[in-house]
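Participant: Can you keep this structure in mind? I'll have questions shortly.
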Amino acid sequence: MEEYKLWLKKTREDLRWTKHNLEVKEYSGTCFSAQQAVEKSLKAYLLFKGKSLRKTHDVIALLKDCIEVDDSFEELEDMIEVLFPYYATTRYPFGDELFTFSKMRAKKAYSAASKIVKFVEEKI
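Mapping to this note's numbering: the sequence shown position 64 is 484, numbers consecutive.
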């Protein structure tokens with residue numbers, strides 16, 4: 421199987437986890453898995469386009485790499501900025517000091533991730 425397809429498979433798994441976490445009211449988990457789904461979808465796209473991956477969890481940097489290939493990715497910038505902080509803040513104690521992981525925040529993260537993943541899948 422081509423490597424980008426493996427990344428897409430993991431993207432879809434993370435998106436399912438995002439939905440599940442939202443349903444069971446694990447709001448920080450929702451935000452984290454949403455960020456992970458988007459990170460993996462952007463990496464899948466870059467691999468699909470024959471690009472090498474940088475070792476990063478920075479979805480803003482990954483989006484910039486995608487924009488260099490296809491400037492239509494610029495329309496994702498606002499949604500990416502919503503998800504950017506969730507890689508670290510959901511996993512470490514200081515995250516709770518910076519954010520309240522509310523239902524509203526989790527729904528926004530799930531919505532953004534769903535839209536971004538759909539956008540990427542349509543590009544592949």
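In this text, a Cβ means the ideal position worked out from N, Cα and C, and glycines have one as well.
Keep in mind it's a predicted model, so treat the numbers as computed, not measured.
1) Would you mind working out which of G470, L482, A454 and K484 sits nearest E423, comparing C-alpha positions?
2) How should D434 be labelled, buried or exposed, when 16 other C-beta atoms within 10 angstroms of its C-beta is the threshold for buried?
3) Quick one: what's got a C-beta closer than 7 Å to A533's C-beta in the same chain, skipping five residues either side?
4) Based on Cα-Cα distance, which residue from K445, R525, A464 and F521 lies nearest to T431?
5) Give every residue of the same chain whose Cβ lies closer than 8 Å to the Cβ of Y447, excluding the five residues on either side of it in the sequence, and list them in chain order.
Facilitator: Inspection of the coordinates gives the following:
1) G470
2) buried
3) L435, T438, A454, A457, V458 and L503
4) A464
5) N441, F521, S522, K523, R525 and A526
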